[in-house]
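Residue numbers (the numbering used here): 73 to 728. See below for the structure under consideration.
Quick look at the structure:
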C-alpha cells in the first residue's frame, strides 16, 4: 500500500512539474484567461482542485499556481481560492501521513514521537503557525511532521489557513500586478522571505516570553522592533537612493544573447560595446546622460540637459481628483513605450567626443527609450545610416534611479508617490476602472458612419511590423479573422530589462473584437484645450459570449491627419493606447513643445458597463490612423497587436 501510494505521488509530481512550469503556464495563459472570463466559477473550481492535489502530492509548484491565480482572478479572489485549496490539501496530506507514516514512526521512534506530542500539546498552534509562515520550510515537511503527531485536524486546519494567508496574499498580489514572471525566484524576494520568517517566529518568541520579567521583555521587544524597522528603512533607503551624480551599469547583449532582436542592424553592430552611464542631475527635472566608453575606439556620448519630467508619468489638469482617470492616466503613461530621438552627432542635444571617428562622423540618431515595463527600465539606442535606412549599431539597457523617478513623479503630479508606487513598480494595470468619458470631452455631434471592414482581408505588413513577423507565433495566419477567431496565435513576450523572448509567449483576448458591429464618428470639444476635435468609436461583440466592447479613439483633428496609401500606413499617426500618452516615436524638440499631459488624445477599450479594459491583456498596443489619399473624408484605422508585432485589423471610416 505504501509503495503504490508513493508511486502515484511520484507520477503526479512529475506530471504536475511538466504541466505547471513557468513556460507551460505562460504558453497557456491566454487560454486560461479566456476560459476564466467565460466560466469563472468552473475555472475557479478547476484551479482549486488542481491546487489541492498539488498540496496533497507535495509538488513544489504551489507558488506558481498562486501567482497564476492572481493573474487570472485578481488578488482577492485568487487569494481566497488558493487559501482554501492550501488548507484542504495540507489537511488531507496530514491525514494521509498520519495513516501511512504515523504507525511506523511511533513503533520505531517512540521516544521522538512522545516528545513531539508533548511539545505540540503545549505549544502546538504557535509552532505550526511559525512553520507555516516561514517560506524556507516546505509545507510537505510540515504536513508529515503534523501527521505523525496527535494534533487535532481542526487545529491543524485553522492554523494552516491563518499561517498561509500572508504568503498567499503576496504571491497573488504579484500575479495581479504582472502577468509575466521569468522564474520562481522572482516571486519571493529575499527581503520578503526574511520578513515572513520573522513574522512566523514572532508567535514562538511571544510564547517563550511568558514568565520573563516585564522589564527584560520590554527591552527585548524594543530591540526586536528596532531591528525589523531598521531592515525596512534600510531597504527603502537603498532602493530609492539618489545622488546628483551616479554611475549606473549598462547591460549589453550580444547577437547570441538576443537572437529575437527585431531591429534593422548595422554592419557595425557589436563593434562598439562597452559603456557605463554617468547620470548627472542639473536641476529639479533636467539630467545629463553621459555614456562613458571603456575602450579607446568608442566615443563618449552625452545627452545634454534632458528634461526627464517629459519621460515620467504626469497628470492632465482635467483628470486630477478623478481617481479612476488618474489611475488610467498614470498606468498607461508608465506602461506605454516612449522612444525619443535626439538627433545625430551634430545635434545641439548631444555631445560626441573621442573614439575612432565613426560615431563622431556617422552617428545618425541617438535615442533614449522609456520601456513599456515597470518603473525605471530604460534603454539607449544608437543608429547609423546604411543601405538607405536607419540601422542600429548599439543598444544598452539601464535602470533610471527610482529615487529620482519618485521625486519626478511627485514634482509632475503633486501626488504622494507611495500611494501609487506598487502598480507603477509592478506593472499593475487599471483594468475594471469605471470611465466617465464626459470628464474627458464634450460631444457636440454624433452619427453612425459608413465603415468598411473585411475580416477576410489578407494580412499585410510594412515598416516595423515587417521586421517583427518572426515574433508572431502562429501558423496559417492569412486573414484578420485568424487573429480574432483563434487563440493559437501567440506573441513573443517583452520582458525585463526590455527585450523580446520567443520562449516566453504572450497570449491575447482578441476574440473581444471578433465581430465588428458599427462605427460612430463624433465632433467633440476636448477638455484639454477646448478646441473642436474628432472622435471615432468602433463597437465589437464576442461571438462566444455575446459581450460587447467599444474602442474609442479621440482628440485628433481629422484634416491634420497624415494622408498615405495603405501600403505606406506607417506614415500615419502611430499611437499607444491610453490617456495622456505621447507618440511611441517622437523627436525631442517636439516632445518639449507638446508635453503629454497637455495632449487631448486618448484611446481606450471599455466594456458594456463603461469599465476600462486592459489593452495589454487584450493584446492591443494601439492604433495607427491616417487619411485616405484620394478620399480625405475617409480615414484608415489599424490596430497593432501586443508590442506592435503585427496588425490585427483594418477599418476604413467615413466622416459624417
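Heads up, the beta-carbon is just placed ideally off N, CA and C, and yes, glycines get one too.
Do you know how far the Cα of residue 559 is from the Cα of residue 14?
There is no way to answer for residue 14, as the model of the chain reaches only from 73 to 728.
Measure the alpha-carbon distance for residue 383 versus residue 366 and round it to whole angstroms.
Within the chain shown, the letter at position 311 stands for residue 383. Within the chain shown, the letter at position 294 stands for residue 366. About 28 Å.
For the alpha helix (DSSP H) that contains residue 481, what are its first and last residues?
In the chain shown, residue 481 corresponds to position 409, counting from 1. Taken as a continuous stretch (DSSP letters only), the alpha helix (DSSP H) holding residue 481 covers 474 to 485.
Which of helix, strand or coil does DSSP assign to residue 215?
The residue you call residue 215 lines up with position 143 of the chain shown. Residue 215: helix per DSSP, three-state reduction.
Check whether the region 331 to 344 touches the region 463 to 482, taking contact to mean three or more Cβ pairs, one atom from each stretch, closer than 8 Å.
At 8 Å Cβ cutoff, the stretches touch.
For the candidate residues 440, 624, 494 and 636, whose alpha-carbon lies nearest to that of residue 658?
Reading the chain shown from its first residue, position 586 is the one you call residue 658. Selected option, being the one with the closest Cα: 440.
In whole angstroms, what separates the C-alpha of residue 134 from that of residue 551?
Mapped onto the chain shown, residue 134 falls at position 62. Mapped onto the chain shown, residue 551 falls at position 479. About 40 Å.
Assuming residue 393 and residue 684 form a contact by the criterion Cβ under 8 Å, report the distance between their Cβ atoms to the nearest whole angstrom.
Within the chain shown, numbered from 1, the residue matching residue 393 stands at position 321. Within the chain shown, numbered from 1, the residue matching residue 684 stands at position 612. Actually they do not touch by this definition, with Cβ atoms about 18 Å apart.
Checking 7 Å against the spacing of the C-beta atoms, do residue 678 and residue 468 come in under that value?
The residue labelled residue 678 in the question sits at position 606 within the chain shown. The residue labelled residue 468 in the question sits at position 396 within the chain shown. No. Outside cutoff.
Determine whether the beta carbon atoms of residue 154 and residue 123 lie at a separation below 7 Å.
By 1-based counting over the chain shown, the position of residue 154 is 82. By 1-based counting over the chain shown, the position of residue 123 is 51. Yes, Cβ-Cβ distance for residue 154 and residue 123 is below 7 Å.
Quick check: the region 349 to 360 against the region 313 to 321, are there 3 or more CB pairs under 8 Å?
Touching, yes, given that three or more Cβ pairs across the two stretches are closer than 8 Å.
Which class does residue 394 belong to by DSSP, given the choice of helix, strand or coil?
Position 322 of the chain shown, counted from the start, is the residue given in the question as residue 394. Of the three classes helix, strand and coil, the one that applies to residue 394 here is coil, per DSSP.
For residue 226, which of helix, strand or coil comes out of DSSP?
Along the chain shown, read from residue 1 onward, the residue named residue 226 stands at position 154. Looking at residue 226 - three-state DSSP - the assignment turns out to be helix.
What is the rounded straight-line gap between the Cα of residue 209 and the Cα of residue 189?
Here the question's residue 209 lines up with position 137 in the chain shown. Here the question's residue 189 lines up with position 117 in the chain shown. C-alpha separation (whole angstroms): 20 Å.
Under a three-way DSSP split, which group does residue 489 fall into?
Sequence index remark: in the chain shown, residue 489 carries index 417 (1-based). Correct three-state label for residue 489: helix.
On the DSSP bridge assignment, give the partners of residue 350 in chain order.
What you label residue 350 is simply residue 278 of the chain shown in a count that begins at 1. Note: residue 350 sits in a beta bridge opposite 319 and 362.
Does DSSP put residue 454 in a helix, in a strand, or in coil?
The sequence position of residue 454 within the chain shown is 382, counting from 1. Strand, per DSSP.
Do you know whose CA, among 688, 567 and 232, lies nearest residue 330's CA?
The residue given as residue 330 occupies position 258 in the chain shown. Among 688, 567 and 232, the Cα nearest to that of residue 330 belongs to 567.
Let me confirm a value: residue 723 is counted as buried when at least 16 other C-beta atoms fall within 10 Å, else exposed. Which label applies?
For the purposes of this step, residue 723 is taken as the residue at position 651 of the chain shown. Classification for residue 723: buried.
Could you tell me which whole beta strand (DSSP E) segments of length 3 or greater appear in the region 551 to 580?
If we require 3 residues or more, the beta strand (DSSP E) runs fully inside the region 551 to 580 come out as 562 to 567 and 571 to 578.
Bridge partners of residue 710, per DSSP?
Position 638 of the chain shown, counting from 1, holds the residue named residue 710. 696 and 722, per the DSSP bridge assignment.
Just grab the DSSP bridge partners of residue 596 for me.
Taking the chain shown and counting its residues from 1, the one referred to as residue 596 is at position 524. Its beta-bridge partners are 515 and 605.
With DSSP as the reference, identify every bridge partner of residue 620, one or two as the case may be.
Looking up residue 620 in the chain shown gives position 548. Looking at the DSSP assignment, residue 620 forms a beta bridge with 613.
Using the DSSP secondary-structure output, state which residues sit across from residue 657 in a beta bridge.
As a first step, residue 657 must be located in the chain shown, where it is residue number 585. 411.
Here's a check: name, in chain order, each residue in its chain whose Cβ is nearer than 7 Å to the Cβ of residue 569, leaving out the five neighbours to either side.
The residue given as residue 569 occupies position 497 in the chain shown. Contacts found: 323, 449 and 469.
With a Cβ-Cβ cutoff of 7 Å, do residue 591 and residue 696 count as a contact?
The residue labelled residue 591 in the question sits at position 519 within the chain shown. The residue labelled residue 696 in the question sits at position 624 within the chain shown. Cβ atoms of residue 591 and residue 696: not closer than 7 Å.
Does DSSP put residue 330 in a helix, in a strand, or in coil?
Along the chain shown, read from residue 1 onward, the residue named residue 330 stands at position 258. If DSSP states are grouped into helix, strand and coil, residue 330 belongs with coil.
Roughly how many angstroms separate the alpha carbons of residue 594 and residue 632, rounded to a whole number?
Residue numbering aside, residue 594 sits at position 522 when the chain shown is read from its first letter. Residue numbering aside, residue 632 sits at position 560 when the chain shown is read from its first letter. Whole-angstrom Cα-Cα distance: 16 Å.
Kindly give me the distance between the Cβ atoms of residue 332 and residue 564, rounded to whole angstroms, as I take these residues to be in contact under 8 Å.
Residue mapping note: residue 332 aligns to position 260 of the chain shown, counting from 1. Residue mapping note: residue 564 aligns to position 492 of the chain shown, counting from 1. Residue 332 to residue 564, Cβ: 6 Å. Contact.
Which first and last residues belong to the beta strand (DSSP E) in which residue 148 is found?
For the purposes of this step, residue 148 is identified with residue 76 of the chain shown, where counting begins at 1. Element bounds for residue 148: not the beta strand (DSSP E) but the alpha helix (DSSP H), 147 to 172.
From the DSSP output, read off the bridge partner residues of residue 683.
Against the chain shown, residue 683 aligns to sequence position 611. Note: residue 683 sits in a beta bridge opposite 506.
Check whether the region 707 to 719 touches the region 525 to 544, taking contact to mean three or more Cβ pairs, one atom from each stretch, closer than 8 Å.
In short, these stretches touch, since the Cβ pair count reaches three.
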